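Q: My structure is below; once you've seen it, I'll send some questions.
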Amino acid sequence: MFRQFVAIAFVVCLALQASALSTITVKGAKFFAGGQQFFLKGVAYQGTPADPLVDTKQCQLDAKSMQSIGTNSIRVYHVDPSANHDGCMSAFSDAGIYIWLDLDTFETQIEQANPTWTKEQCSAFARVMDEFQQYDNLGGFWIGNEVINNLGGSSAAPYIKAAVADMKSYLSAKGYRQIPIGYSAADIAELRPMLQNYLACGEMDVSIDFFGLNSYEWCGDATYDTSGYVALQAMAVGYNLPIFFSETGCNVGGERTFNDQKAIFGPKMIDTWSGSIIYEWVQETNDYGIVDYPNGEIYSGAPIPIQPDFNNLANVWEDINPVGTSEGSYSPTLSAPACPSASGGWTVNGNVALPRLDPSIISSVASEPPAEKHPTSSQDTPSSTPETTGMPTILSTSSSLSTSEFPTSASSSLVPSSSSMSTISSTLVTSSLGSTTSSLTITSQSPSSSAVLAAFQTFPSDFTVVATSTIVHYPPYPGDKAFTTCSISGPCLTMAMDNNDKTWTLIKAYEPTGTSPSASTPTSTGASPAATTSNSAATALRATSFGGWIKHVDNLGGHGGVIGLLLVGISLVLIMGSFLS
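For reference, each letter of the sequence shown is one residue, going 336 to 916 in this note's numbering.
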């Protein structure tokens, strides 16, 4: 009987082991998991600034739906390291899904305009790393997202690379597994391939482990030849690290067919690229989502597929099953690129000294205690509804103000949509009129282009200046006519462009009151409702500081799926052992 008992226990243990995901590793230009090459079939999973990985039941619902269309990865832009993530990480693991996670926070990201890499930033990155290194389905960390977002931003590159180097040192100091660390880049044609080569050049202990590209070039009826993918492929050939699309999925030009997936996983690109992440899972006013939720509240129950997009992606992915190569038979032959010299818009000349932290600082950060966990809350409550997260209250708008009252500064710049993005320093305001915020319209200096409004310099007496903040706006398509920005202290402005692309109008203002939103009233310009995110989720989210607004939910400890299987296995062993006796 004992031998039979042991045999049954052994079989159960094998089943439990098989149910766990293998960790992802990097070898040369490829990802591997369990000895086989790994290709990402992912979706961006963050519709609000709140941590989406704290509500176990919601994660289980989303993971099941994602699994049904063949998803094996999700991208998450911001988490709260002091919350408990066991339940959600287990839910996604049980569905065969890896998480690719940003290390930075709203307060600690590296800024293009004034880049820094400090002990405080390192410590904040480390808290996220401490929390998530324990999970086998943590695919990799992002050191930053679109830090460099226009042609003039390459001076921030050494700070990105310094952060990579120091966080790799931190990994080693803590004795964690060698989790891949990468960077997600904006698609700036003028900086190809200098940025990706710069981040990969030099020794492995200072270079990224993988490179992600946020690209929306394949739209409508485009083809491989007409979409711009020919140039992207030429840029990536011979790259010594895994490279993949960290955001893709244009929604301009008719129905979203996701035909770019056939190219990415097709014969022309499959040997170079390691897959893609579709932007995005959650439906917002920018119409990039492939699911909605009951009553229109994000993360409020079983996801509702948006057709035909959801089925289109499911059908495309169903026909895509790349095999790749086995880790044992793969011998990398590609060398790290040379560090690029300064030329054109690229200003970093070669392998410059990095602004790294002193090793004693890394040691000091490594000796810090882990982030303190917040008290347990009900995990039955969706983690991202306004009532539970303290999302800003929407204040209604009222009378229009003359545009002459808002002159722009000489340093302000408007960037045509062809450049895809711009960074603007803006003074943010909140109304002193209580529940009403005055309407504000500013005429663009470049009416023919979908441009970003210039920095505000003066305001009428009914406004109070509360903070200044760098706003990153990313409106690459004609249909993207709205964005939201927030100051570090909380108040937010939502701007929308009129149908003639000539004016920006303030249509909403927010206060961090922690109550549910009231109805908002559009201005007389007829501006469309603002999107909470633009093309890139992180781009919009990083302009926002929500600090204590995030709901902290402690789920039951342990890796739920594995523990559940273990309990079932033990029960089976006991029952069968009793039966055999």
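For each residue, glycine too, the CB sits at the ideal point set by N, CA and C. Since we're looking at a predicted model, the values are computed, not measured.
Let me confirm a value: residue 684 is counted as buried when at least 16 other C-beta atoms fall within 10 Å, else exposed. Which label applies?
A: exposed
Q: Beta-carbon within less than 6 Å of residue 424's beta-carbon, same chain only, minus the 5 sequence neighbours each way: which residues are those?
A: Within the same chain, Cβ atoms closer than 6 Å to the Cβ of residue 424 are found at 470, the five residues on either side in sequence being excluded.
Q: Are residue 516 and residue 482 closer than 8 Å when you measure CB to CB?
A: no
Q: Between the beta-carbon of residue 641 and the beta-carbon of residue 600, is there less than 8 Å?
A: In terms of Cβ geometry, residue 641 and residue 600 do not form a close pair [threshold 8 Å].
Q: Classify residue 513: buried if its beta carbon has 16 or more other beta carbons within 10 angstroms, exposed otherwise.
A: exposed
Q: For a quick check, are the C-beta atoms of residue 536 and residue 673 less than 8 Å apart?
A: yes
Q: Residue 460 lies in the alpha helix (DSSP H); which residues open and close that run?
A: 454 to 467
Q: Would you list the residues sitting across from residue 695 in a DSSP beta bridge?
A: DSSP output for residue 695 lists no bridge partner at all.
Q: Can you tell me which of the three DSSP states residue 640 falls into?
A: When DSSP states are grouped into helix, strand and coil, residue 640 belongs to the strand group.
Q: If we count the other Cβ atoms within 10 Å of its Cβ and call it buried at 16 or more, is residue 386 buried or exposed?
A: buried
Q: So, at 8 Å on beta carbons, what are the nonlocal neighbours of residue 502 in its own chain, with the 5 sequence-adjacent residues on each side left out?
A: 438, 457, 460, 461, 464, 476, 478, 516
Q: Please state whether DSSP places residue 627 in a helix, a strand or coil.
A: strand
Q: Considering residue 579, what are the terminal residues of the beta strand (DSSP E) in which it resides?
A: 578 to 583
Q: Can you tell me the Cβ-Cβ gap for residue 661 and residue 431, rounded? I've got them flagged as a contact below 8 Å.
A: Not confirmed; about 19 Å, so no contact.
Q: If distances are taken between C-alpha atoms only, which option among 496, 487, 589 comes closest to residue 688?
A: Out of 496, 487, 589, the CA that lies nearest to the CA of residue 688 is found in 496.
Q: Could you tell me the boundaries of the alpha helix (DSSP H) in which residue 503 lies?
A: Its alpha helix (DSSP H) spans residues 492 to 509.
Q: Look at residue 426 and residue 391 and say whether their C-beta atoms are less than 8 Å apart.
A: Residue 391 sits close to residue 426, with the two beta carbons spaced by under 8 Å.
Q: Return the CA-CA distance between residue 594 and residue 546, expressed in angstroms with no decimal places.
A: 22 Å
Q: Between residue 679 and residue 530, what straight-line distance do the alpha-carbon atoms span, to the nearest angstrom?
A: 13 Å
Q: With distances taken between CB atoms, is the gap from residue 500 to residue 540 smaller than 8 Å?
A: yes
Q: For residue 474, report the span of its beta strand (DSSP E) as first-last.
A: 473 to 480
Q: Just curious, the alpha helix (DSSP H) that residue 422 is in, first and last residue?
A: 421 to 429
Q: Who are the near neighbours of residue 618 in its chain, counting only those whose CB is closer than 7 Å to its CB and skipping five residues on each side?
A: 624, 626, 627, 641
Q: With 16 other CB atoms within 10 Å as the buried threshold, where does residue 538 fall?
A: It counts as exposed.
Q: Starting from the Cα of residue 410, find the closest Cα among 435, 428, 421 and give me that residue.
A: Relative to residue 410, the option among 435, 428, 421 whose CA is nearest is 435.
Q: DSSP on residue 444, reduced to helix/strand/coil?
A: coil
Q: What's the call for residue 631, buried or exposed, on a 16-neighbour Cβ count within 10 Å?
A: exposed
Q: Taking the alpha-carbon positions, what's the residue 635 to residue 396 distance?
A: 10 Å
Q: Give the straight-line distance between the Cα atoms of residue 473 and residue 359, rounded to the nearest whole angstrom.
A: When rounded, the distance between both Cα atoms is 8 Å.
Q: Could you spell out where the alpha helix (DSSP H) holding residue 564 opens and where it closes?
A: That run of the alpha helix (DSSP H) goes 564 to 571.
Q: Excluding the five sequence neighbours on either side, which residues of its own chain have a C-beta within less than 7 Å of the C-beta of residue 579, listed in chain order?
A: Taken in chain order, the residues that qualify are 375, 547, 608, 609, 610, 611.
Q: By Cβ distance below 7 Å, which residues in the same chain neighbour residue 565 in space, the five residues on each side in sequence not counted?
A: 559
Q: Using only alpha-carbon positions, find the residue among 361, 406, 365 that is nearest to residue 380.
A: 406
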